[in-house]
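With the working numbering, you'll find the sequence shown wraps up at 241, consecutive numbering, no jumps. Note that beta-carbon positions come from the ideal geometry of N, C-alpha and C, so glycine has one too.
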Amino acid sequence: MAWKVVNLNTMDGREEEGGKRILYSSDSFHMWLHSDAPGVVRGRVAANGAQELHRHYADEMFFCVQGELTIRFADPEGVEVVPPGAFVVVPAGQLYSLENTSKTEEMILLGSRAEAHDMPRLGDEGEPVLMGAHSWAVEQTEMEKAIGATHERWASK
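What follows is the structure, encoded as structure tokens:
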């Protein structure tokens, strides 16, 4: 596969606000831009109001571009506040949840994980956690379509 350049400065705007916007995806890696309004907790929210923790099969990285990311881990002591310009690496299998704790700013994260974008998130007992649809920032190449990184894959979810 040839290299790929994605210029965020010339990218078209989105129709809807917030959520995950996939910048690149293959069968072994994906990268995205994630944004949330102040106070938004990302993920499924249980009846008691707490976000459900989830985990992934691969290490994950979040770089905080703007706002304030609070990441909560299963360990009661496990709360990290990530300011703009800092990043956090979440090891594979680690339970966590994300929250925008900025009072006024939209939170913008650049994230990456060494697995395809459609690998399921796992809950505390290893059960799949439902995910919302993602929007694609760039058109997929024929090579990416051939390995399964396609818009159609999300349309059926």
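Minimum C-alpha distance to residue i - residue among the options
i, options, result
"VAL172", "CYS148, GLU189, GLY162 and ALA158", "CYS148"
"ASP143", "LYS88, PRO167, LEU179 and ALA158", "LEU179"
"LEU35", "HIS118, PRO175 and PRO160", "Outside the displayed range of the chain (85 to 241) lies residue 35, so it cannot be described from this structure."
"LEU137", "ASN91, PHE157, ALA121 and ASP120", "PHE157"
"LYS187", "MET115, TRP87 and GLN150", "GLN150"
"GLY177", "PRO122, GLU199, ILE106 and PRO167", "GLU199"
"GLU189", "ALA86, HIS140 and PRO167", "PRO167"
"PRO122", "LEU182, PRO160, ASP159 and SER196", "LEU182"
"ASP120", "MET191, ARG197 and GLU209", "MET191"
"TRP116", "VAL174, PHE146, THR94 and GLY169", "PHE146"
"GLY195", "LEU107, ALA86 and TRP87", "LEU107"
"GLY169", "LEU193, ARG139 and ASP159", "LEU193"
"TYR141", "ASP159, PRO160, PRO175 and ILE155", "PRO175"
Buried or exposed (CB count within 10 angstroms, at least 16 for buried), residue i
i, result
"SER109", "buried"
"SER112", "exposed"
"ASN246", "This structure gives no information on residue 246, because the portion of the chain shown stretches from 85 to 241."
"GLY162", "exposed"
"LYS104", "buried"
"VAL129", "The predicted model places VAL129 with a pLDDT of 40, which falls under 50 and marks its position as unreliable, so this point remains unresolved."
"VAL89", "exposed"
"ASN91", "exposed"
"VAL165", "exposed"
"ALA86", "exposed"
Per DSSP, cross-strand counterpart(s) of residue i
i, result
"THR154", "VAL165 and GLU183"
"LEU193", "HIS118 and CYS148"
"HIS138", "TYR180"
"SER109", "HIS114"
"LYS88", "Answer is none; LYS88 lacks a bridge partner."
Terminal residues of the beta strand (DSSP E) in which residue i lies
i, result
"PHE171", "171-174"
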